[in-house]
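Each residue of the sequence shown is one higher than the one before, starting from 0 at the first, in the working numbering.
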Amino acid sequence: MRLFVTGASGWVGSAVVPELIAAGHEIVGLARSDASAAALTAAGAEVQRGDLHDHDSLRAAAAAADGVVHLAFIHDFTRFEENQRIDREVVDLFGDVLAGSDRLLLIASGLVPLDTGKPGAATGPMIRQATAAATIQLADRGVRSAILGLPTTVHGEGDHGFIRRLVETAREKGVSGYIDDGAHTWPATHRLDAAHLARLAVDKAPAGTVLHALAEPGVPTRDIAEAIAHKLGIPTASIPHENAADHFGWLAPMWGTSLTGDSGPARELLGWEPTHPTLLEDLAQPYYFEN
């Protein structure tokens, strides 16, 4: 298939694109910058210049494709609500272009409930959760819609996300902290395993499917903190929840919340089996600790 991919040069997208090309798909990747365009060209993809604000560019690329893989999201948490609205507008645009064609629309989201978008299912308060529900409901309009549910941590060499921020905080504070007893859990998946599920979804996902790319349902935050402490040669420390915001900053609410999902549909429907290192195995490597 000829696929239009947004976020094609991002953390997950830069693993998805080679996976799709290796499976025989032609890729047109959205590129906002010259650097992104060069990376896509080097990977063997065509380039569509534009960004999530450029609806004309998005519409034209989607119309010319056999399917759309929407991985882009503006990760500026100071403008999270606005960025969720931008994402919803883009998904609605893709839905309108693809309606009645039975073409693919695969979007990346969080670990939304497996019954998202189904009759009687509750929708969470965030705009992004409503966007996921609207995506699933596009199946009723003749779109092969599916959700790639990504966990809190999609890890691997080159990761500059939440785990890297925890490492930086530990360095700054001189202790590797967890909140209260550290029993909160974080779901995790290696980037290459997430990319493999994306490719399986492109090839085989039924319309209206939620697929959780979940290799590890819940890694205890204390175990993560201990792995970071071991590599940095510093102690661990329990941070009382009332002091968590001062210690961890904007990451505190997530670090103090247990999240999980269900990879059953991904495994049973598509035969997905994670094969790459676990989060703690990755944290035993040097790349998370190199400046």
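Glycine included, C-beta positions come from ideal geometry on N, C-alpha and C.
**Q.** Span of the alpha helix (DSSP H) around S35
**A.** D33 to A42
Q.
Let's test the definition: count the other Cβ atoms within 10 Å of the Cβ of P186 and tell me whether it reaches 16, buried, or not, exposed.
A. buried
Q.
Using the three-state DSSP reduction, which class does E241 fall into: helix, strand or coil?
A. helix
Q: Following the continuous beta strand (DSSP E) through V4, name the residue where it begins and the one where it ends.
A: R1 to T5
Q) For L268, which beta-bridge partners are listed by DSSP? A) BP columns for L268 are empty, so no partner.
Q) For K230 versus F288, is the C-beta spacing smaller than 8 Å? A) yes
Q. Quick one: is N242 near chain C, going by C-beta distance under 8 Å?
A. The displayed structure is made up of one protein chain only, and chain C is not part of it.
**Q.** Proximity below 8 Å, CB of A226 to CB of P273
**A.** no
**Q.** Pick from E25, H246, L29 and Q47 that is closest to R164, judged by C-alpha positions
**A.** H246
(Q) Tell me the DSSP secondary structure of T256 in three-state form. (A) coil
Q: Could you tell me if A182 is buried or exposed, where buried requires 16 or more neighbouring beta carbons within 10 angstroms of its beta carbon?
A: exposed
**Q.** Cα-Cα separation between G207 and A138, rounded to whole angstroms
**A.** 5 Å
Q. Taking all protein chains shown into account, do 16 or more other C-beta atoms lie within 10 angstroms of the C-beta of T130, making it buried, or fewer, making it exposed?
A. buried
Q: Tell me, to the nearest whole angstrom, how far the beta carbon of P234 is from that of T188; I am working on the premise that it is less than 8 Å.
A: Going by Cβ atoms, the distance from P234 to T188 rounds to 29 Å, so no, they are not a contact pair.
Q. First and last residue of the beta strand (DSSP E) that includes H69?
A. G66 to H69
(Q) For G148, report the span of its beta strand (DSSP E) as first-last. (A) That run of the beta strand (DSSP E) goes R143 to G148.
Q: Return the Cβ separation of L110 and G148 in integer angstroms, given the expectation that the two are a contact with Cβ distance under 8 Å.
A: 5 Å
**Q.** Three-way DSSP call (helix, strand, coil) for V89 in this model
**A.** helix
**Q.** Cβ shell of V90 (< 7 Å), same chain only, five flanking positions each side left out
**A.** H69, I106, T130, A133 and T134, listed in sequence order.
Q.
Between L2 and I26, how many whole angstroms is the CB-CB distance? I'm expecting something under 8 Å.
A. 6 Å
Q: Using alpha carbons as the reference points, say which of G116, R143, G232 and K203 lies closest to G173.
A: G232
Q) With C-beta atoms as the reference, is R102 less than 8 Å away from G66? A) yes
Q) Going by DSSP, which residues form a beta bridge with T188? A) V153
Q) In whole angstroms, what is the alpha-carbon distance linking P216 and D261? A) 7 Å
Q: Determine the contact status of A64 and D202, defining contact as a CB-CB distance below 8 Å.
A: no
Q: Could you tell me how far apart the beta carbons of W254 and I178 are, in whole angstroms, since I believe they sit closer than 8 Å?
A: Yes, they are in contact, since the Cβ atoms of W254 and I178 sit about 6 Å apart, within 8 Å.
Q.
G28 and A71 - do their beta-carbons sit closer together than 8 Å?
A. no
Q: Compute the distance between the beta-carbons of L278 and T184, then report whether it is under 8 Å.
A: no
Q: Could you check the C-alpha separation between L104 and I146 for me, to the nearest Å?
A: Distance between the alpha carbons of L104 and I146: 8 Å.
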